[in-house]
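Q:
Number of protein chains: 2
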Amino acid sequence: MVATHIFRQLYEPVSSTYTYLLADLTTKEALIIDPVIETAERDAKLIQQLGLKLRYAINTHVHADHVTGSGKLKKLLPGCKSVLSNQSGGKADVYVEDGEFIKIGESGKTPLVIESRATPGHTNGCTSFVWHDYGAVFTGDAVLIRGCGRTDFQQGSADKLYTSIQTKIFTLPDHYLVYPAHDYTGQTCSSILEEKTHNPRLTKSREAFIEIMNNLKLDYPKQIDKALPANIICGLQGEI
Amino acid sequence: MVATHIFRQLYEPVSSTYTYLLADLTTKEALIIDPVIETAERDAKLIQQLGLKLRYAINTHVHADHVTGSGKLKKLLPGCKSVLSNQSGGKADVYVEDGEFIKIGESGKTPLVIESRATPGHTNGCTSFVWHDYGAVFTGDAVLIRGCGRTDFQQGSADKLYTSIQTKIFTLPDHYLVYPAHDYTGQTCSSILEEKTHNPRLTKSREAFIEIMNNLKLDYPKQIDKALPANIICGLQGEI
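Here the protein sequences line up with chains A and B, keeping their order.
When we follow UniProt numbering, the leftmost residue of the first sequence carries the number 1, and every step to the right adds one.
When we follow UniProt numbering, the leftmost residue of the second sequence carries the number 1, and every step to the right adds one.
1) Which runs of the alpha helix (DSSP H) spanning at least 4 residues fall entirely within the stretch 136 to 223 of chain B, listed in chain order?
2) Mark T123(A) as exposed unless 16 or more other C-beta atoms lie within 10 angstroms of its C-beta, in which case mark it buried.
3) Please tell me whether L25(B) and A3(B) are closer than 8 Å, where the distance is taken between their beta carbons.
4) Identify every residue that forms a DSSP beta bridge with T27(B).
5) Under 7 Å, CB to CB, which of the residues in the stretch 135 to 154 of chain A have a partner in chain B?
6) Would you mind working out which of F129(B), I192(B), E12(B) sits nearest F138(B), comparing C-alpha positions?
7) In this structure, how does DSSP classify I240(B) when only helix, strand and coil are distinguished?
8) When you compare the CB positions of Y18(B) and Y179(B), do they come within less than 8 Å of one another, or not?
9) Just checking my contact of A158(A) with I210(A) at CB under 8 Å: how many whole Å lie between their CB atoms?
10) Does Q9(B) get closer than 8 Å to chain A when you measure Cβ to Cβ?
11) Please compile the residues from chain A whose C-beta is within a distance smaller than 9 Å of the C-beta of A40(B).
12) Tell me whether V83(B) is buried or exposed, calling it buried when 16 or more other Cβ atoms sit within 10 Å of its Cβ.
13) Rounded to whole angstroms, what is the Cα-Cα separation between K168(A) and T119(A)?
14) Short of 6 Å in beta carbon distance, which residues of its chain neighbour R8(B), apart from the five on each side in sequence? Order them along the chain.
15) Using a beta-carbon distance below 8 Å, is E207(A) in contact with chain B?
16) Mind checking which residues open and close the alpha helix (DSSP H) that includes E41(B)?
17) Grab the span of the alpha helix (DSSP H) containing S116(A) for me, first residue to last.
18) Contact defined as beta carbons within less than 8 Å: I believe L218(A) pairs with I192(A). What is the distance between those atoms, to the nearest angstrom?
19) Between K45(A) and K28(A), is the Cβ-Cβ spacing less than 8 Å?
20) How should R206(B) be labelled, buried or exposed, when 16 other C-beta atoms within 10 angstroms of its C-beta is the threshold for buried?
21) Write down the C-beta distance between V113(B) and N231(B) rounded to the nearest angstrom, noting that I regard them as a contact closer than 8 Å.
22) Would you identify the three-state DSSP class for S70(B), choosing helix, strand or coil?
23) Under 9 Å between beta-carbons, which chain B residues line up against A3(A)? List them in chain order, please.
24) Would you verify that the beta carbon of G71(A) is, or is not, closer than 8 Å to some beta carbon of chain B?
25) When burial is assigned at 16 or more other CB atoms within 10 Å of the CB, is T203(A) buried or exposed?
26) May I ask you to report which of helix, strand or coil DSSP gives K226(A)?
27) Let me know if A181(B) comes out buried or exposed under the rule of 16 or more other beta-carbons within 10 Å of its beta-carbon.
28) For the beta strand (DSSP E) that contains T127(B), what are its first and last residues?
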């Protein structure tokens, strides 16, 4: 089997963030999901070495724990457009809504298509992106491996998150791989079946889930005061 | 496409080691490559949650930078056999030689087969494992992403490593993915074509490569005095 696409998972260790690079090999068009400003140069170098043209830098949401690399990537790789949900409250070149498709490589033989699914709860603008041809979903901070995003700031709502996960993510086929925006235990991916079966929060009833989420007593995120104002404008002052 | 196998890349952050879990979904038989003692319990829990039977814990070589998890996994998951190269000088339940195949899931519809390729140079017993059906090679410390293993101790030989990589790894198809035992830059995999094209050491002549490797002036590995004696006996005193 000769590959028709490139798929790379990349890691930023300070905020434990996963960034994903997807590309169509016929047209060499690429998109990146959840880049981080500290690793934007690494990512730009890889994109250039692979001979790719970066069309979209997508954020699953306005992050509170790191500054997005979208703005820096736009500077390093002109032609790239930033993408955010139309419910996010942030600025971007392209706004996506629930159910919309993002396509790259349309002029080639094997266009790469990802579906946007609005999955609010961690924030109002949280979006998961489903790559059906590969059998994968990029869940941002909605579903994490054996966990989920916190719901105690940025319009967070445990009730909304439960609905999002049950109706928009756990309705995907069991074998779809789950690629989150973060992991803190050295795991790189999971599957829908695994999270439906073994996620200690998401195997609970709605009421029990809300009870857990409202009593996590987490620390205030270290980078939030820097990250939120920057991420609202896609990472760089004066850039959208 | 419904999956016929499970493939998971796992990370141990102190030694920046990648561990790989491969399983056949019909028979639920699994093997693990380069487990680390500190994360053996995490790995055992995942294997149990996935309902897998671990048949082999394979080390690509006798590591100097971390203690293998093989011995601990054998205790946690009885029935698992440790595997090392017959050239490694270490003890194991099963010794593999160049060109031999390791198979799991043989009683099922989709046996999972990996080919052992002797790739000495970092150590005498270094072996790479090729998963042809997936299009991937687990290179241990032979090829790293844009780098390679050091050759200044443990029978290291830059000349041997160059021969191993050119004849046993770079002869694989260009699209095969390269999964190393370590990465220190947040990258999770590469491809044969990428390393043939962009690896700053391996795009050099044999003479230039040897010159580079003999002048790296690296620190003595932090864990070597603990790791080597332990790894010679697969990680746990009294276990093989």
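Positions of the beta carbon are idealized from the N, C-alpha and C atoms, including for glycine.
A: On the basis of the supplied data:
1) Unbroken alpha helix (DSSP H) stretches of 4 residues or longer found wholly inside the stretch 136 to 223 of chain B: 158 to 164, 192 to 198, 206 to 213, given in chain order.
2) For the purposes of this step, residue 123(A) is taken as residue 123 along the first sequence, with counting starting at 1. Looking at its Cβ environment, which holds 16 or more other Cβ atoms inside 10 Å, T123(A) is buried.
3) What you label residue 25(B) is simply residue 25 of the second sequence in a count that begins at 1. What you label residue 3(B) is simply residue 3 of the second sequence in a count that begins at 1. With contacts defined by Cβ atoms closer than 8 Å, L25(B) and A3(B) form a contacting pair.
4) Here residue 27(B) refers to the residue found at position 27 of the second sequence. Its beta-bridge partners do not exist; DSSP assigns none.
5) Within the stretch 135 to 154 of chain A, the residues whose Cβ lies closer than 7 Å to some Cβ of chain B are G135, listed in chain order.
6) Stepping through the second sequence from its first residue, residue 138(B) is reached at position 138. By alpha-carbon distance to F138(B), the top candidate from F129(B), I192(B), E12(B) is F129(B).
7) The count along the second sequence starts at 1 and reaches residue 240(B) at position 240. Low per-residue confidence applies at I240(B): pLDDT is 41, beneath 50, and the placement is therefore not dependable, though the value from the model is reported in the following sentence. For I240(B), the secondary structure class from DSSP, reduced to helix, strand or coil, is coil.
8) Locating residue 18(B) in the second sequence gives position 18, counting from the first residue. Locating residue 179(B) in the second sequence gives position 179, counting from the first residue. Yes, they are a contact pair.
9) Locating residue 158(A) in the first sequence gives position 158, where the first residue counts as 1. Locating residue 210(A) in the first sequence gives position 210, where the first residue counts as 1. Rounded to whole angstroms, the Cβ separation of A158(A) and I210(A) is 4 Å, and the two are in contact under 8 Å.
10) For this step, residue 9(B) is matched to residue 9 along the second sequence. Answer yes: the Cβ-Cβ gap between Q9(B) and chain A drops below 8 Å somewhere.
11) Within the second sequence, the letter at position 40 stands for residue 40(B). Here the premise fails: no neighbours, minimum Cβ distance about 12 Å.
12) Here residue 83(B) is taken as the residue at index 83 of the second sequence, counted from 1. With 16 or more Cβ atoms within 10 Å of its Cβ, V83(B) is classed as buried.
13) Looking up residue 168(A) in the first sequence gives position 168. Looking up residue 119(A) in the first sequence gives position 119. Roughly 7 Å between the two C-alpha positions.
14) Within the second sequence, the letter at position 8 stands for residue 8(B). Correct list, in chain order: L21.
15) Start at 1 with the first residue of the first sequence, and residue 207(A) comes out as number 207. Contact with chain B is absent for E207(A), since none of that chain's Cβ atoms lies less than 8 Å from the residue's Cβ.
16) Residue numbering aside, residue 41(B) sits at position 41 when the second sequence is read from its first letter. Secondary structure note for E41(B): its alpha helix (DSSP H) is the uninterrupted segment 40 to 49.
17) As a first step, residue 116(A) is located in the first sequence; it is residue number 116 there, counting from the start. First-last for S116(A): 112 to 118, but that is the beta strand (DSSP E), not the alpha helix (DSSP H).
18) Reading the first sequence from its first residue, position 218 is the one you call residue 218(A). Reading the first sequence from its first residue, position 192 is the one you call residue 192(A). No, L218(A) and I192(A) are not in contact; Cβ-Cβ is about 26 Å, not under 8 Å.
19) For the purposes of this step, residue 45(A) is taken as residue 45 along the first sequence, with counting starting at 1. For the purposes of this step, residue 28(A) is taken as residue 28 along the first sequence, with counting starting at 1. Not closer than 8 Å, so no.
20) For the purposes of this step, residue 206(B) is taken as residue 206 along the second sequence, with counting starting at 1. Exposed is the call here.
21) Here residue 113(B) refers to the residue found at position 113 of the second sequence. Here residue 231(B) refers to the residue found at position 231 of the second sequence. Not confirmed; about 26 Å, so no contact.
22) For the purposes of this step, residue 70(B) is taken as residue 70 along the second sequence, with counting starting at 1. Correct three-state label for S70(B): helix.
23) Here residue 3(A) is taken as the residue at index 3 of the first sequence, counted from 1. Around A3(A), the beta-carbon contacts reaching into chain B at under 9 Å are G135, H175, L177, S191.
24) Within the first sequence, the letter at position 71 stands for residue 71(A). Not one chain B Cβ lies under 8 Å of G71(A).
25) The sequence position of residue 203(A) within the first sequence is 203, counting from 1. T203(A) is exposed by the Cβ-count criterion.
26) Within the first sequence, numbered from 1, the residue matching residue 226(A) stands at position 226. The three-state reading of DSSP puts K226(A) in helix, counting H, G and I together.
27) Along the second sequence, one-based indexing puts residue 181(B) at 181. Buried is the call here.
28) Position 127 of the second sequence, counted from the first residue, corresponds to residue 127(B). Run containing T127(B): 127 to 131, per the beta strand (DSSP E) assignment.
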